[in-house]
Amino acid sequence: MAIQTIQTTPIPGQRPGTSGLRKKVGVFRQPHYLENFVQSVFDTLGDLSGKTLVLGGDGRFHNRAAIRTILKMAAANGVARVLVGRGGILSTPAVSCVIRKHEAMGGIILSASHNPGGPDGDFGIKYNIGNGGPAPEAVTEAIYQRTTAITSYRISDAPDIDIDHTGRGYLEQMQVEVIDPVADYAELMEQLFDFDAIRKLFAGGFTMRFDAMHAVSGPYAQAIIEGMLGAPAGTVINCVPREDFGGLHPDPNPVNAAELIELMAGPDAPDFGAASDGDADRNMIVGRKFDVTPSDSLAILAANAQVAPGYRGGIAGIARSMPTSRAADRVAEALGIPCYETPTGWKYFGTLLDAGLATLCGEESYGTGSNHVREKDGVWAVLFWLNLLAVKGQSVQQIVEEHWQQFGRNYYSRHDYEGIETHAANVLMDDLRVKLANMQGQQMNHYTVEYADDFAYTDPVDGSQATQQGVRIVMTDGSRIVYRLSGTGTEGATLRVYLERYEPDPAQHHIPTQQALAALIAIADSVASIAYNTGRSNPSVIT
Ligand code: G1P
Ligand code: ZN
């Protein structure tokens with residue numbers, strides 16, 4: 001066994017996006033592609049002696065091969081110890097939990113989240129720092145700069161180590177500890193939520209369906225919801241992680257989780273439905289014949305946080321990404337706590353959570369979480385809802401409608417134009433930016449523009465700045481249109497248009513969402529000439 005130094009040359013395009021480096025599997029399988037990136041991560045981290053690293057992924061195609069390579073590179077780069085999930089499996093929130101609990105220097109997560117998997121699907125890699133959260137921009141940029149100058153990488157030629165059984169072994173001088181992927185995470189959940197109350201709920205005949213979408217939330221949801229909370233077998237479906245997610249798109253929204261939505265709308269609907277994505281950090285909450293928007297879910301959890309033992313002491317603040325609806329802002333105001341507005345991407349919540357400024361965080365893209373880890377957390381959100389349902393004894397719909405009565409309703413929708421031509425997408429955004437200067441005071445349909453800008457952010461904790469984070473047109477009544485380009489896609493560009501309208505009057509709370517937003521949708525199209533610029537008359541996905 002020896003440590004090899006392999007000559008290489010920089011490979012263009014290794015700049016991490018909203019959430020790590022994501023590319024087609026074929027790109028990652030190119031010679032040196034993964035190795036160059038991983039060596040750049042290690043080079044950026046500096047001295048690794050005595051350090052512990054956490055390693056795992058969502059089990060998608062190429063996960064195992066990548067784990068083997070990374071273990072051999074970690075050994076060759078002097079890492080003291082790696083905690084790896086059995087079978088190479090660890091959900092994204094579980095990596096965050098394990099890093100924190102075992103005080104690791106950081107972790108490597110292999111996932112392309114909600115993007116499809118399989119030999120023709122997507123793969124991804126990201127580095128999380130010692131607080132358990134995604135590496136901040138300064139670190140990802142340093143890694144990227146390193147990829148542009150790399151000349152060699154180090155790797156051990158030792159044989160593959162068994163990762164399918166828990167226990168300890170050695171690869172070169174490095175200790176490899178294969179851990180149960182669920183144990184640490186389940187223990188944390190038990191501290192946060194009232195498991196007794198939830199057990200009683202299930203014992204009383206409450207019914208639920210959790211769709212793991214053939215992805216990594218399956219083992220977690222099954223162990224906790226069926227195993228610890230006593231829900232009947234079959235409550236968690238599609239619970240074995242598959243390399244290609246059963247050929248489906250593991251993104252928990254009403255479009256991709258159509259089977260669950262159909263069940264929840266049918267005559268035999270259970271009381272509660274939920275789904276999670278490829279790496280188990282997203283969640284979708286559904287009631288009987290009733291979908292809950294992620295923005296509302298964040299606001300409702302914040303308003304009721306005291307039902308859960310882990311949050312009984314109150315919440316210090318809420319943080320939401322800029323395009324997320326302002327439903328949470330109203331709750332924060334009522335609670336007398338701050339609500340922070342950050343750029344899109346969980347990495348922007350890290351400093352706020354570390355500094356104790358925010359306790360709950362959320363994004364409109366089916367992401368909710370708290371200071372218990374530094375990632376969004378799908379199973380956590382579902383358990384929070386179960387805790388809420390157990391305490392309130394009401395249906396999902398009743399809880400949401402009562403919330404709207406108290407705080408008003410923020411009608412909300414996101415329209416995605418996927419796989420459009422990159423040049424056309426950039427032209428559209430550039431044109432919009434030019435128009436911004438003259439928008440203030442303009443009349444648009446029955447709306448008047450209060451202000452229009454390109455969202456820029458200064459982190460209140462470390463002062464770091466982010467610019468061009470989304471063009472927003474805000475109306476005098478608080479309604480908004482936001483445009484931004486996706487930073488997670490792997491093909492062409494995706495334009496996201498976010499639409500929001502605030503409605504205080506409970507008599508107006510039951511309009512179908514797209515109808516309630518129709519005037520804003522028309523304005524959004526005409527201001528950005530979406531049809532003209534993209535050649536699409538309709539969005540490809542509406543959530
Ligand atoms: C998308 C979501 C964003 C989320 C990210 C990672 O990023 O919009 O909220 O943090 O996935 O899950 P985007 O493709 O919009 O850059
Ligand atoms: Zn995800």
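All the letters of the sequence shown, read from the start, carry residue numbers 1 to 543 under the UniProt record's numbering.
Backbone N, C-alpha and C define an ideal beta-carbon position, used for all residues, glycine too.
A quick note: this is a predicted structure, and the numbers were derived from the prediction, not measured.
The bridge partners DSSP lists for Arg81 are Thr52 and Gln175. Pro254 is a Cβ neighbour of Asp291, given a cutoff of 7 Å. Comparing alpha-carbon positions, the option among Gly218, Phe349, Met439 and Ala274 lying closest to Asn371 turns out to be Phe349. Fully enclosed beta strand (DSSP E) runs of no fewer than 3 residues occupy 409-420 and 447-454 of the stretch 394-467, in order along the chain. Per DSSP, reduced to three states, the secondary structure at Met1 is coil, with no helix or strand assignment. In this structure, DSSP gives Phe193 a state outside helix and strand, which the three-state scheme calls coil. For the pair of segments examined, the stretch 266-277 was found not to touch the stretch 79-88: the number of CB pairs separated by less than 8 Å stays below three. By the neighbour-count criterion, in which a residue is buried when 16 or more other Cβ atoms sit within 10 angstroms of its Cβ, Gln514 is exposed. Leaving aside the five residues that flank His165 on each side, the residues in its chain whose CB is nearer than 8 Å to its CB run, in chain order, Arg86 and Val178.
Contact check between the stretch 234-242 and the stretch 103-112: fewer than three CB pairs, one atom from each, fall below 8 Å, which does not count as touching. For Ser413, the closest of Thr458, Ser479, Ala425 and Ala355 by C-alpha to C-alpha distance is Ser479.
Taking 6 Å as the cut-off, one finds no heavy atom of the ligand G1P near enough to the beta carbon of Ser413. Residue pairing of Cys361 in beta bridges, as defined by DSSP: Ala319 and Gly369. When the beta-carbon positions are compared, Ile224 and Ala275 stay at least 7 Å from each other. Bridge partners of Ser152 according to DSSP: Gln7.
One Cα belongs to Glu172, the other to Tyr451, and the distance between them is close to 60 Å. Val54 and Thr207 have their C-alpha atoms roughly 36 Å apart.
Going by DSSP, Thr18 is part of no beta strand (DSSP E) at all; its letter is neither H nor E. Ranked by how close their Cα comes to the Cα of Thr324, the residues Pro309, Gly345, Val95 and Gln406 have Gly345 in first place.
Between the stretch 131-151 and the stretch 219-237, the count of Cβ pairs shorter than 8 Å is below three; the stretches do not touch. A residue is called buried once 16 or more other Cβ atoms fall within 10 Å of its Cβ, and Thr5, having fewer, is exposed. Taking C-alpha positions only, Ser540 is separated from Tyr417 by approximately 5 Å.
With a cutoff of 6 Å, Asp277 counts as near the ligand ZN, since its C-beta is closer than that to a heavy atom of the ligand.
Three or more Cβ pairs closer than 8 Å define a contact, and the stretch 375-395 falls short of that threshold against the stretch 496-507. Assignment of Leu495 by DSSP, reduced to helix, strand and coil, places it in the strand class. Under a 10 Å Cβ-count criterion, Met174 is classified as buried, with 16 or more other Cβ atoms of the shown protein chains found around its own Cβ. Of the candidates Arg199, Asp296 and Val216, Asp296 places its Cα closest to the Cα of Glu402.
Residue range Pro294 to Ala303 is occupied by the alpha helix (DSSP H) that includes Leu298.
For Arg199, the CB stays at least 6 Å from every heavy atom of the ligand ZN. Secondary structure note for Ile285: its beta strand (DSSP E) is the uninterrupted segment Asn283 to Gly287.
In its chain, beyond the 5 residues on either side, Gly230 have a beta carbon closer than 8 Å to the beta carbon of Ala203. Gly345 has its CB nearer than 6 Å to a heavy atom of the ligand G1P.
The beta carbons of Ile523 and Met444 sit closer together than 7 Å. Straight-line spacing of the CA atoms in Thr9 and Thr490 works out to 23 Å.
According to the DSSP assignment, Met73 belongs to the alpha helix (DSSP H) that extends over Asn63 to Ala76. Taking C-beta atoms under 8 Å as the contact rule, Arg146 and Thr69 fail to qualify, at a distance of about 18 Å.
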